[in-house]
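Numbering (my numbering), first residue to last: 58 to 856.
We treat Cβ as the ideally placed atom computed from N, Cα and C, and that holds for glycine.
This one's a predicted model, so the numbers in the text were calculated from it and none came from an experiment.
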């Protein structure tokens, strides 16, 4: 029964309307008929009770005197008169003890009836199936002298109720039948248009994508039909676009099914893997995957089938038909059936082999000095970090040696840069020969070298002696004559050293101590070793003093923004970089080089950064009202400490809202060193700000550490080529290679490029020839205050 009802209720809309309306009408008519019968029954009962009580009242009143006088014959006459009342069953007169004094059945006179009302009751009414029985007291002079009892037959009442029930049933049945007929006709009329839409939908599902409903009218069905037609048009258009994209050779695309295997493969994937589509149809993904990447791929793929994920992305290597290893970015997504099982899987395969090769090439150039092939600052910083950890774990001292060639500038000026480069290469070889394989010799810049000695003794004095031994070897080796072409050079070197134990000092502090010690060696006559001593703390004290002055400067607005113009390829101003300057009341103008590191270490950089942000936003607001400056952008530098603040994103958004500026004109410059920690947090924050139009520029690109592996994930707008690479363009072929590679890689990733430190027209021409179209440097203008900058802008306007 339940299944039959369920089939009826869950069938077509037409059937549901008929069944639903029929049930509704049946229920309503049933309630209506029941209400009528119940009401009629209640009314009839009340009428019969009123008649019985009235008859009992009349009999008790008329028989009172006769009862008092105990005139039986008179009472019998009265009862005989009452017996003519319609539907009367019996009429009885009783004395107070219950003896029958008169009865419609005369043979019962003199008998006793024991069932009398209670002493305090004057009237009772009893209803049975066949009779209504009323007993009422006979009152004379406020004294109860007897009882009368009236019984009315209920059969006429039952017959009337039965007739009402019969009429109600036929009325309800006719109404239900009429309602069902009307509902059937109405549902057919209402659902016929929906059925038309359903027929078209079935045919479209079967493959007739060209069919449309084309229904006229203004009712809901017509509106639904038109929306259905528009949806089909949209789906057709999307299928055409998808087919067009599928046929493009941008990325490899494949669709596979658990039941049917390969469904389709585009030409790009076939060409990438060097197999035809027919050959791929006979293979599995596992056969194409590099063995070292197979386990990870299978695990991710199984996660889809266990409903843990809807897809995944990973870097994966494929092996082509000819055995070539292809590094790709694989993106897999699935489409599920109604029951949640996988219907089919779509895979997008992008060949990133060239990008990986470019990244490796840039990393090689960025990790090592091109001239001496020694580790550069970037790699030195990384190894220093590891050395500190190693020292802390093994409880062994280490040492940092800062070396500077004496009179190297004189050699360059007198013998030329070629001889200077030869000397630097030879010095690099000699330094490397003086240390162990576990130590690091790096070129710090120019004629400066830094040596990292690891795993010295656990005793400080012994470690210092070990360092002196190494330094002695270096001095002896460097002092040996250098034969370069027709020139023999005898050189000396100044060495500053500092010991470290664990993480007591930061990398910057170690380098600074070694640098201070090196300058002490210079001051003491050169060609010697000097260890950092506490009395050299003057410099540190100066830093502390500057830190206090920084706090005062922030409170008393001693900072000022200078603006350095940025030009496009047509030498028109495109924006500016805001650079902070400190107007010290005693020392005058202080470059950020002298106080930013102090601000970073003390945490004041966060408040300084907020001041820079608000000042730049206020300037953008002022420029918005001028047509000549409304399109200029302002780039601000954000420190790692400021960026990692929890409320950094809200701070930027609030500033934009308060000053009501175009957010796309605010550019945030980040350094690669910022990417060393919490990369996921960094990407999330950058995405939040990029969503409101903020543009990000990666500053000093090529000198940092770990941005290359995340470059494709960062929402960057621009790469900023570091001035250290730009400075020697036209002089140093390695710098030209680095710059060319950076520009090429940026363009392949769809990123804008700007070069800083452009000082000559030759440098600009080279950059232009490689595709760099944005420039910044002294060739166009130095950092200057806002009034001078706006004057420069007016002078740069086309005449």
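Residue i versus residue j: straight-line alpha-carbon distance, rounded
{"i": "residue 815", "j": "residue 622", "result": "12 Å"}
{"i": "residue 714", "j": "residue 828", "result": "36 Å"}
{"i": "residue 560", "j": "residue 341", "result": "52 Å"}
{"i": "residue 409", "j": "residue 321", "result": "23 Å"}
{"i": "residue 763", "j": "residue 732", "result": "Residue placement at residue 763 is flagged as unreliable, the pLDDT there being 47, under the threshold of 50; the coordinate-derived value follows with that caveat. About 6 Å."}
{"i": "residue 309", "j": "residue 267", "result": "30 Å"}
{"i": "residue 446", "j": "residue 455", "result": "11 Å"}
{"i": "residue 840", "j": "residue 573", "result": "30 Å"}
{"i": "residue 123", "j": "residue 117", "result": "10 Å"}
{"i": "residue 228", "j": "residue 288", "result": "50 Å"}
{"i": "residue 853", "j": "residue 414", "result": "42 Å"}
{"i": "residue 830", "j": "residue 811", "result": "7 Å"}
{"i": "residue 406", "j": "residue 351", "result": "15 Å"}
{"i": "residue 845", "j": "residue 606", "result": "27 Å"}
{"i": "residue 512", "j": "residue 448", "result": "7 Å"}
{"i": "residue 626", "j": "residue 644", "result": "39 Å"}
{"i": "residue 76", "j": "residue 274", "result": "28 Å"}
{"i": "residue 464", "j": "residue 551", "result": "10 Å"}
{"i": "residue 739", "j": "residue 460", "result": "37 Å"}
{"i": "residue 361", "j": "residue 375", "result": "21 Å"}
{"i": "residue 549", "j": "residue 421", "result": "31 Å"}
{"i": "residue 531", "j": "residue 481", "result": "14 Å"}
{"i": "residue 825", "j": "residue 837", "result": "15 Å"}
{"i": "residue 197", "j": "residue 171", "result": "22 Å"}
{"i": "residue 856", "j": "residue 718", "result": "The predicted position of residue 856 is uncertain, since its pLDDT is 48 and thus under 50; no value can be drawn from it."}
{"i": "residue 712", "j": "residue 796", "result": "35 Å"}
Residue interval of the beta strand (DSSP E) (run including residue i)
{"i": "residue 726", "result": "723 to 728"}
{"i": "residue 193", "result": "188 to 197"}
{"i": "residue 869", "result": "This structure cannot settle anything about residue 869, because the visible part of the chain is limited to 58 through 856."}
{"i": "residue 552", "result": "550 to 557"}
{"i": "residue 202", "result": "200 to 210"}
{"i": "residue 157", "result": "157 to 160"}
{"i": "residue 146", "result": "145 to 151"}
{"i": "residue 166", "result": "Residue 166 -> no beta strand (DSSP E), and no H or E assigned at all."}
{"i": "residue 180", "result": "180 to 184"}
{"i": "residue 832", "result": "831 to 833"}
{"i": "residue 275", "result": "Per DSSP, residue 275 belongs to no beta strand (DSSP E) and is neither H nor E."}
{"i": "residue 560", "result": "From DSSP, residue 560 is part of no beta strand (DSSP E); its letter is neither H nor E."}
Residue range of the alpha helix (DSSP H) that includes residue i
{"i": "residue 576", "result": "564 to 580"}
{"i": "residue 754", "result": "Residue 754 -> not in any alpha helix (DSSP H); beta strand (DSSP E) instead, spanning 752 to 758."}
{"i": "residue 540", "result": "Per DSSP, residue 540 belongs to no alpha helix (DSSP H); it is in the beta strand (DSSP E), 539 to 541."}
{"i": "residue 136", "result": "129 to 139"}
{"i": "residue 844", "result": "843 to 853"}
{"i": "residue 746", "result": "736 to 747"}
{"i": "residue 124", "result": "121 to 126"}
Whole-number beta carbon distance between residue j and residue i, since they are thought to touch under 8 Å
{"i": "residue 593", "j": "residue 612", "result": "31 Å between Cβ atoms; not a contact."}
{"i": "residue 397", "j": "residue 364", "result": "6 Å"}
{"i": "residue 727", "j": "residue 753", "result": "6 Å"}
{"i": "residue 673", "j": "residue 755", "result": "That belief does not hold up - the Cβ atoms of residue 673 and residue 755 are roughly 19 Å apart, past 8 Å."}
{"i": "residue 385", "j": "residue 394", "result": "That belief does not hold up - the Cβ atoms of residue 385 and residue 394 are roughly 29 Å apart, past 8 Å."}
{"i": "residue 487", "j": "residue 534", "result": "4 Å"}
{"i": "residue 93", "j": "residue 221", "result": "7 Å"}
{"i": "residue 749", "j": "residue 720", "result": "5 Å"}
{"i": "residue 813", "j": "residue 780", "result": "5 Å"}
{"i": "residue 379", "j": "residue 334", "result": "Incorrect: roughly 17 Å between the Cβ atoms, too far for contact."}
{"i": "residue 610", "j": "residue 589", "result": "That belief does not hold up - the Cβ atoms of residue 610 and residue 589 are roughly 29 Å apart, past 8 Å."}
Query raised in the report: Along the chain, which unbroken stretches of the beta strand (DSSP E) at least 3 residues long are found entirely within the stretch 586 to 615?
Result: 586 to 588
Query raised in the report: Unbroken beta strand (DSSP E) runs of length 3 or more, entirely within the stretch 322 to 399: which are they?
Result: 368 to 376, 382 to 393
Report task. At 3 residues or longer, and completely inside the stretch 626 to 710: list those beta strand (DSSP E) runs for me, N to C. Result -> 630 to 641, 645 to 647, 690 to 694
**Report entry** Uninterrupted alpha helix (DSSP H) stretches inside the stretch 417 to 466 (no shorter than 4 residues)
**Finding:** 434 to 451
Requested in this report: Flag this pair as touching only if the stretch 537 to 550 and the stretch 470 to 487 have three or more C-beta atom pairs under 8 Å; answer yes or no.
Outcome: yes
Query raised in the report: Is it a yes or a no for the stretch 564 to 571 touching the stretch 602 to 611, going by three-plus beta-carbon pairs under 8 Å?
Result: With a cut-off of 8 Å on Cβ pairs, the stretch 564 to 571 is not in contact with the stretch 602 to 611, counting fewer than three such pairs.
**Report entry** the stretch 803 to 810 in contact with the stretch 786 to 793 per 3-pair CB rule at 8 Å
**Finding:** no
Query raised in the report: Is the number of C-beta pairs between the stretch 339 to 353 and the stretch 438 to 450 that are closer than 8 Å three or more?
Result: no
Query raised in the report: Which runs of the alpha helix (DSSP H), 4 residues or longer, sit entirely within the stretch 779 to 827?
Result: Positions of the alpha helix (DSSP H) runs, each at least 4 residues long and wholly inside the stretch 779 to 827, are given as 780 to 783, 790 to 805, 818 to 826 in order along the chain.
Query - Inside the stretch 486 to 516 only - beta strand (DSSP E) runs reaching at least 3 residues - result: 497 to 502, 505 to 510
Query raised in the report: If you pair each beta-carbon of the stretch 178 to 191 with each one of the stretch 161 to 169, do three or more pairs fall below 8 Å?
Result: no
Query - Three or more C-beta pairs below 8 Å linking the stretch 418 to 434 and the stretch 496 to 503 - result: Yes: at least three Cβ pairs fall under 8 Å.
Query raised in the report: Are at least three pairs of beta-carbons, each pair with one atom in the stretch 200 to 210 and one in the stretch 130 to 150, less than 8 Å apart?
Result: yes
Query raised in the report: Within the chosen definition, does the stretch 577 to 591 reach the stretch 628 to 643 through at least 3 CB pairs nearer than 8 Å?
Result: Cβ pair count under 8 Å is below three, so no.
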